[in-house]
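One structure is given below, encoded as structure tokens.
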Amino acid sequence: MWTRFWLKIAGRAALWLVLAALFAYPVDWAVWKIRVGHGGGMGQVEVGHVIAAELKNSREEYFADGMTEVDCSRSLYPQGGYSACWWLERHNDVVTRY
81 MWTRFWLKIA
91 GRAALWLVLA
101 ALFAYPVDWA
111 VWKIRVGHGG
121 GMGQVEVGHV
131 IAAELKNSRE
141 EYFADGMTEV
151 DCSRSLYPQG
161 GYSACWWLER
171 HNDVVTRY
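Numbering-wise (our numbering), the sequence shown opens with residue 81 and increments by one.
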């Protein structure tokens, strides 16, 4: 009996989390569009580029390719084709594999 009760609670919690995420995206987009319209909402993050060359025996060799400034959106989710700044600040290495 208690197991069924907790499964019901967990199911409802999961449903509310999904609904909150679905509601948060359009709100985030609207706030971002307003901020962009007022001259904000965009930022830049310095990103390091690394080239990974495949060698024999399933090995890779990495070559640093320098740093560049990348445009990003100051929002919770990626908006307008740009990654979110908070994400790029934490994941600021881009690896290109050849």
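Positions of the beta carbon are idealized from the N, C-alpha and C atoms, including for glycine.
- Here Tyr142 carries a strand assignment [DSSP, helix/strand/coil].
- Judged by beta-carbon spacing, Tyr162 lies beyond the 9 Å limit of Asp173, meaning their Cβ atoms are not closer than that value.
- In the three-state DSSP reduction, Gly128 falls in the strand class (E or B).
- In this structure, Ala164 is the residue among Tyr178, Ala164, Arg177 with its C-alpha nearest to the C-alpha of Tyr105.
- Of the candidates Arg154, Glu141, Arg84, the residue whose Cα lies closest to the Cα of Gly120 is Arg154.
- Relative to the Cα of Glu149, the nearest Cα in the group Asp108, Glu134, Ala110, His129 belongs to His129.
- With a cutoff of 9 Å on beta-carbon distance, Val116 and Gly146 are scored as not near each other.
- Taking a C-beta distance under 9 Å as the contact criterion, Val125 and Leu156 do not qualify as a contact pair.
- Distance from the CA atom of Trp86 to the CA atom of Gly123, rounded to whole angstroms, is 44 Å.
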